[in-house]
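Residue numbers (my numbering): 7 to 494.
Next comes the structure, spelled out in structure tokens:
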């Protein structure tokens, strides 16, 4: 049995404005009805080959990830929460330490949560073929047969097959992302593979190499796991210990320095979905080689990707080779060649404090969603949807009052000592400082409009007193903190 470990980090920059820090690309349905994370889990769902998945995830995405797994009927072995990203090697160390507690012989396979694979059957066959070599102590990566001189991927120089493992080859060397001329030479030579970032090894073998090459990293992971705490269905590792860990990828930390590196070639329609250009490559095109998503109309336009996410009509006339992505609060226009530069721009926008880099137009919470409709310095209007059976926290606000107007469903409202049922076309006033809670006890979603008024209407003016999701900490004083930093 293979223990699948799914690495779900990411900062939400390369596919901006659709992907955001609070809603990175693996949680988005970019290529179909399901998210990339759900697609990854689904392709590893063969009970004859895989155990239940173990997820290593950013703590800010915990409820979204849990809900996406629940919606496809998957119960993970665990969801381990990182307080912040430290690259893939520390995450892999956490997974290996957890697995050897239960099974000292565990073979783990590491998968990024945000990749696309067109042929899951071929991938599963390659994984199954690699297990005996992993049990023999080889640290295996999966190399993809290149189809073009790609400059956005790392490459692997492949060596001879490792008897008796016919499909497993020695790694001669790992190569950084090349320039176009070098990438073309690699493609012509036939001796290079794309580095997919998918790995398989016995957990103990990986820990042994990590102990030899980066004992400090392993010690930090061990300490963070030893001091971990349970939080509902999550395992929250210790922040202070994890902060001491170096930030290293599996490639840099282990694979490029071990003498046990091996590679399995696989042709499974893999793509890391690393930029908007990748989505143009992956999706079906019209006769002019355009991809259109949402309400889009194109005329005399070729080789372009147009996507409208806010329902408004997006029109292109007489343009070629463009990426145009429109959301409610931001629009991206770039050429396909410059699409990989989006991440750099987003980092500069984030440094300026632009909220468009952090939260999506529709913000997901464990109880439902909210969407900002209007905002100024002294008021804010939201559309709130509460899932059936869900409740917001018992809370109060220092600086704002709230007016709730129910549009659909019935709201059960507790406000100080009063309990009320508010029905469609009825409203209720929540004074500043009042202890209040909103509950949807019905079988259908509750939809309401919230109008906030006060001298400060930032998202962080909230004190939680009781909460079904373990979020009862008081935030910083709102006038000293940025807006949009805390959960509602």
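The beta carbon of each residue, even a glycine, is placed where N, CA and C say it ideally should be. Owing to the predicted nature of the structure, the values given are computational and were not obtained by experimental measurement.
- For residue 410, the uninterrupted beta strand (DSSP E) segment begins and ends at 406-414.
- Within the DSSP bridge table, the entry for residue 200 names 150, 161 as partners.
- Annotation: residue 421 to residue 466 spans about 20 Å, alpha carbon to alpha carbon.
- Ranked by how close their Cα comes to the Cα of residue 67, the residues 59, 348, 91 have 91 in first place.
- Look at residue 261 here: in three-state DSSP terms it is helix.
- Listed in chain order, the non-local C-beta contacts of residue 202 below 8 Å within the same chain comprise 121, 147, 148, 149, 150, 272, 276, 278, local neighbours out to five positions each way being set aside.
- Of the residues assessed, residue 442 falls on the buried side of the cut-off, its CB having 16 or more other CB atoms within 10 angstroms.
- Beta-bridge pairing by DSSP links residue 64 to 88.
- Linking residue 8 to residue 139 through their CA atoms gives a straight-line distance of about 13 Å.
- Judged by their CB atoms, residue 402 and residue 359 are not nearer to each other than the 8 Å cut-off.
- Scanning 251, 126, 39, 459 for the CA closest to the CA of residue 380 turns up 459.
- Judged by their CB atoms, residue 180 and residue 257 are nearer to each other than the 8 Å cut-off.
- Residue 285: member of the alpha helix (DSSP H) spanning 282-288, first to last residue.
- Here the stretch 115-132 does not lie against the stretch 151-170, with fewer than 3 beta-carbon pairs under 8 Å apart.
- With contacts defined by Cβ atoms closer than 8 Å, residue 62 and residue 14 form a contacting pair.
- By the beta-carbon neighbour count (other beta carbons within 10 angstroms, threshold 16), residue 296 is buried.
- Residue environment for residue 435: exposed (fewer than 16 other C-beta atoms within 10 angstroms of its C-beta).
- Judged by DSSP in its simplified three-state form, residue 77 adopts helix.
- Per the coordinates, the alpha-carbon of residue 324 lies some 6 Å from the alpha-carbon of residue 305.
- Using a 10 angstroms sphere on the CB of residue 413, the tally of other CB atoms stays under 16, which defines it as exposed.
- Per DSSP, residue 388 is one residue of the beta strand (DSSP E) stretching across 385-392.
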